[in-house]
Each structure stands twice: as structure tokens, then as C-alpha cells.
Amino acid sequence: MTRKLRILPALLLPLAFLVGLPPSTAAPGGNLSGAIFTSDGTGVPVNLNHYAAKTDVHLNGGPGLNAPDSAAGLPAGTYSFQVTDPNGKTLLSEDNVSCRQVVVDASGVFTAVLAGPECTTGAHALGADGEDGGITVQLFPFADTPNNGGEYKVWLTPTSSLNCSSGGNRHCFVPRYSKTDNFKVRANAIVEIDTRFWKDGSSTPLLGMEAGWTDTNGASNVKFSEYDPSLLAYWEAHVEAAEAGSHRITVEDQPGCTIDHVTGPRGENYRSGSGRYNIRVDVADSRPGDNTTYRVEVFCK
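Converting from the sequence shown to this note's numbering requires adding 123 to each position, the first position being numbered 1.
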């Protein structure tokens with residue numbers, strides 16, 4: 124597995140917020156390429172993104188799990204991260220943002236964390252990703268979520284794209300320049316959005332197919348269809364621990380799949396003919412013990 128924004132012209136933050144922040148070298152562009160995901164300290168994904176303790180959760184990045192070799196990863200540069208509740212309104216990270224930075228190299232691998240002298244808690248703890256030789260970054264310290272379902276959201280954005288004056292920002296993280304992923308701690312409700320890709324004449328869905336996910340805040344991530352029963356992933360691009368609200372799954376023509384049509388979770392048909400499809404997925408509130416999957420089915424010619 125290998126790992127790879129529009130950069131704002133100025134970083135509009137209070138001076139105290141900027142202490143210790145180096146400039147980002149992330150390349151300009153549109154929405155941030157690549158993907159982020161949570162894992163244990165060795166880079167191994169955790170079933171359903173459900174963790175036993177907050178200290179177990181690590182951040183990782185790249186093209187995404189089960190991505191094809193041609194998939195783009197995170198651009199090289201310096202990134203900031205934060206932990207919030209699912210709607211992004213409550214900041215849960217307990218140290219200054221200048222203490223929450225990670226460096227991505229040209230191959231898209233996390234290589235270092237940064238922490239200035241004002242970071243009295245020191246740098247975030249690291250793990251070693253045994254697959255790609257990079258590092259994982261422990262998200263702790265962060266406070267308990269106010270969400271009744273034990274749900275959290277992690278954000279990653281280029282440090283130079285932090286903007287406290289931008290409309291809709293979440294603690295200076297601008298959704299359209301950010302990657303997000305959800306996880307739960309000490310929770311048992313299962314809520315997923317799963318996208319499968321079907322080829323005419325085959326009874327088994329395709330692997331390595333890309334599905335874009337835009338969350339309820341307008342931040343995005345990328346998932347690839349995979350088969351891993353240990354993660355309850357059965358030939359599907361797997362959005363785990365989806366929060367209540369309106370999400371969007373975006374699929375488009377890609378190598379191995381020219382789309383004929385798509386069906387959404389309610390059985391609705393999409394036949395845009397443009398090769399790009401946006402499917403709205405409305406996730407309901409969950410309760411302890413729930414097990415809910417919202418399915419998007421993509422049919423390839």
C-alpha cells in the first residue's frame with residue numbers, strides 16, 4: 124500500500140495561534156487528494172473504527188486502504204490535525220494546534236510530527252507503520268465526546284490552509300480543504316455507508332474501486348472497495364461510524380468500471396450519463412446496539 128487543496132494566499136489566524144507553525148509545502152489545487160484513516164499504533168485498521176480507549180487511536184494517511192497503485196496520495200507538506208465531535212462544533216483536542224502537526228514526504232508517507240517550545244505536553248506519540256515504513260500519530264490527548272454514541276471525528280488539513288475567518292470553518296479547519304474520518308471509543312452501535320461495484324456477468328463485486336465521501340460538514344475522504352472479513356468489509360468501499368445527517372457518496376468512471384447506473388440506499392436510480400454520480404445518503408440517529416448499513420450499488424458496463 125502506498126500513501127499521496129487549494130492553498131489560501133494568507134493564513135488568517137491570531138498571532139498567538141501561529142506560534143511555532145512552519146509553512147506548508149503542500150501543492151495548490153482543488154479538494155485535497157489522498158485519504159486519511161485511523162488505525163492502531165502499527166498501522167493496522169481496527170474493526171469498524173471502534174476503539175477500546177482514546178489512547179489506542181492513531182492517524183494514518185495515503186491513497187487509502189486497498190487503493191490501486193495509480194491512486195493519488197496526500198501531497199507533500201506540513202499538515203495540522205484535530206479531534207472534534209461528529210458535527211465539528213466542539214473541539215476536543217486539548218493541546219494547541221501548533222502541537223498537532225505532521226509532515227508528509229514526497230511519497231505520501233507520514234514521516235515526523237512537529238511541536239514547538241510552547242507545547243508543554245510535548246509531541247504526540249508515534250507508532251511505526253509496518254507496511255509502508257512511515258509513522259502513525261497518536262491523536263491523544265483529546266477530551267471525551269459529548270456525542271451520546273461515543274463518536275469522534277478527526278480532521279487533517281494543510282497548515283497553510285487553516286483560516287479562522289472562513290465561513291463554515293471548524294476551529295480554523297475549512298471543510299473543503301480538509302480530510303476527515305470518524306471513529307468510536309467504547310461504543311457498540313454500528314453505522315456504515317458501504318458502496319459496492321458490480322460488473323455485468325459477475326456475481327462478485329469489484330475490488331480496488333474508488334468512492335468519494337463528503338461528510339455532514341462538507342469535508343471529504345476517499346474509500347476503496349476491499350475484502351477483509353476481519354474488518355467486516357465484504358467487497359465494499361467502507362465508510363465506518365457515519366454520523367447522523369446528510370452525507371454524499373461520489374462515484375465516477377474509473378479503470379475497470381464505466382458506470383451504467385447507480386442505486387442509492389432507498390432504491391432510487393441515478394442515470395446521469397455524465398460518468399459522475401452524487402448520491403445523497405441520509406443517516407438517521409443511532410442507539411446503542413444498532414447495526415445499520417446504508418448501501419450504494421454501482422453497476423458497471
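Yeah, the Cβ is synthetic: ideal placement off N, Cα and C, and Gly gets one too.
If you run the structure through DSSP and keep just helix, strand and coil, what is residue i?
i, result
"CYS423", "strand"
"ASP179", "helix"
"PRO281", "strand"
"ALA199", "coil"
"ARG68", "Lying outside 124 to 424, the shown extent of the chain, residue 68 is not represented and no answer is given."
"GLY390", "coil"
"VAL220", "helix"
"PRO145", "Bear in mind that a pLDDT of 37 at PRO145, under 50, signals an unreliable position, so the model cannot answer this."
"SER353", "helix"
"ASP408", "coil"
"SER397", "coil"
"HIS294", "coil"
"ASN210", "coil"
"ASN271", "coil"
"VAL236", "strand"
"TYR417", "strand"
"VAL167", "coil"
In the DSSP output, which residue or residues are listed as bridge partners for residue i?
i, result
"GLY185", "ALA158"
"HIS173", "LYS307"
"TRP321", "PHE422"
"GLY250", "THR259"
"VAL345", "GLY335"
"GLU359", "GLU349"
"THR244", "Beta-bridge pairing links THR244 to no other residue."
"CYS380", "GLN377"
"GLY368", "VAL406"
"VAL227", "GLY200, PHE233"
"VAL314", "THR415"
Whole-angstrom Cβ separation of residue i and residue j, contact assumed at under 8 Å?
i, j, result
"GLY157", "GLY200", "Contact doesn't hold; Cβ gap of about 11 Å is too wide."
"HIS370", "TRP336", "7 Å"
"PHE265", "LEU330", "Contact flag wrong, Cβ pair sits at about 34 Å."
"LEU409", "VAL314", "Leu is not the amino acid found at residue 409; the sequence shown has Ser there. Confirmed, Cβ separation roughly 5 Å."
"VAL421", "GLY387", "11 Å between Cβ atoms; not a contact."
"GLY184", "ALA194", "No, GLY184 and ALA194 are not in contact; Cβ-Cβ is about 12 Å, not under 8 Å."
Contact between the region 304-321 and the region 218-229 (3+ Cβ pairs under 8 Å): no
Given 8 Å as the limit, is there contact between the region 343-356 and the region 318-325, that is, 3 or more CB pairs closer than that? yes
Assess contact between the region 357-374 and the region 164-177, defined as three or more Cβ pairs (one per stretch) separated by less than 8 Å. Is contact present? yes
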